[in-house]
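Chains as they are written, first to last, in numbering that gives the first Met the number 0: chain A, 0 to 124; chain B, 0 to 145.
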Amino acid sequence: MTELTKQTATDKTNELATLRPLVTIVEEDSGFTLTAELPGVPKENVQVHVENNVLTLEGEIRLSIPEQMESTHAEVSTAKYKRAFTLSRELDSTKIEASQRDGVLTLHIPKAEHAQPRKIEVQVG
Amino acid sequence: MYSTLFNFSDDLFNELENLQRHWVGRNILSNIRPVARGSFPAINLGSTPSSVEVYAFVPGVDAKSLDIQIDKNLLTLQGERVLQLPKEDSKLTVYAQERFSGKFKRVITLPDDVDVSKVSATYKEGVLHISIQRREETQAKRIEIQ
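Dropping the structure here:
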């Protein structure tokens with residue numbers, strides 16, 4: 000195995016080792032509202048970034064775990080959430096608003112002013 | 000690999016299912032109260048010499064609406080999460096609704112040596128953490144030689 004394929008294999012493992020946050024996505028005239036579940040992730044551990052029109056959500060779970068605790072059953076088996084979405088051009092990624100409460104992250108992604116719908120009158124000629 | 004706002008790739012789900020099959024394959028015993036994959040809420044359990052720790056991942060609920068009961072060594076967690084989804088009309092489109100909405104109930108069998116009078120429960124960042132102490136007489140003690 001060459002160095003390069005080794006690297007790819009590791010990346011793939013890392014990609015699989017993240018949890019996929021469950022989302023609700025709603026579109027209105029003014030923009031999109033995306034709600035993502037990130038239970039166990041404190042505010043300071045949430046990362047939202049946009050690069051090349053790709054919106055990425057990441058978060059790391061921080062639980063209060065007593066010393067000497069051994070895990071006996073785990074339905075949430077890794078500590079990292081990650082999910083990415085491609086944004087469409089009419090969205091204004093510089094004006095994304097984010098808030099978080101009780102493990103739920105809410106993002107509002109507005110549409111750029113010029114992209115908001117206009118009703119076009121049909122002229123009868 | 001990423002999804003667009005409009006389409007969702009199933010690849011990751013398939014991969015997870017494979018992983019899970021592999022993982023479950025090693026565990027021959029099934030629970031009498033089996034849970035479907037993706038049951039709400041997800042639960043992690045841990046054990047220390049002096050306590051049993053339960054972590055339920057229930058984001059976005061009012062902590063007061065959670066009902067936790069322990070009867071003998073069965074812990075029951077019930078509640079309801081109602082998502083306020085706006086109505087779809089000409090001005091609003093719902094592209095994805097993966098989040099659970101409705102009533103839920105999970106039952107967990109605790110070890111026999113738990114002391115149900117010593118339970119604490121906290122809700123933080125969407126995770127309900129229940130800590131149940133074990134009875135003292137069953138805890139291992141170091142005996143000093145005189």
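Using N, Cα and C, we set each Cβ at its ideal position, and we do this for glycine too. This structure is a prediction, so every number in the text was calculated from the model and none was measured.
- At a cut-off of 8 angstroms, the C-beta of K90 of chain B has a neighbouring C-beta in chain A.
- At a cut-off of 8 angstroms, the C-beta of I42 of chain B has a neighbouring C-beta in chain A.
- When DSSP states are grouped into helix, strand and coil, K42 of chain A belongs to the helix group.
- Look at Q96 of chain B: its C-beta is under 8 angstroms from a C-beta on chain A.
- The beta carbon of G102 of chain A falls within 8 angstroms of a beta carbon belonging to chain B, placing the residue at that interface.
- Distance from the CA atom of P116 of chain A to the CA atom of E89 of chain A, rounded to whole angstroms, is 11 angstroms.
- Here the alpha carbons of R61 of chain A and V40 of chain A stand approximately 6 angstroms from one another.
- Straight-line spacing of the CA atoms in I42 of chain B and A111 of chain A works out to 41 angstroms.
- About 34 angstroms separates the CB atoms of L76 of chain B and L91 of chain B; that is not less than 8 angstroms, and the two are not in contact.
- The CB of G39 of chain A comes closer than 7 angstroms to the CB of F56, E124, G125 and V126 in chain B, given here in chain order.
- P109 of chain A: member of the beta strand (DSSP E) spanning V103 to P109, first to last residue.
- For S87 of chain A, the secondary structure class from DSSP, reduced to helix, strand or coil, is coil.
- Shortest Cα-Cα distance from P40 of chain B to any of B:A139, B:Q138, B:V113 and B:H128 involves B:H128.
- The C-beta of Q145 of chain B has fewer than 16 other C-beta atoms within 10 Å across all chains shown, which makes the residue exposed.
- Using a CB distance cut-off of 8 angstroms, A73 of chain A counts as an interface residue toward chain B.
- Judged by DSSP in its simplified three-state form, T32 of chain A adopts strand.
- For V49 of chain A, no CB of chain B lies under 8 angstroms from its own CB, so it is not counted at the interface with that chain.
- Exposed is the label assigned to L73 of chain B, since fewer than 16 other Cβ atoms lie within 10 Å of its Cβ.
- For N43 of chain B, the enclosing beta strand (DSSP E) starts and ends at A41 to S46.
- An exposed status is given to P110 of chain B, since fewer than 16 other beta-carbon atoms sit within 10 Å of its beta-carbon.
- Residue environment: L44 of chain B is assigned as buried (16 or more neighbouring CB atoms within 10 Å of its CB, all protein chains considered).
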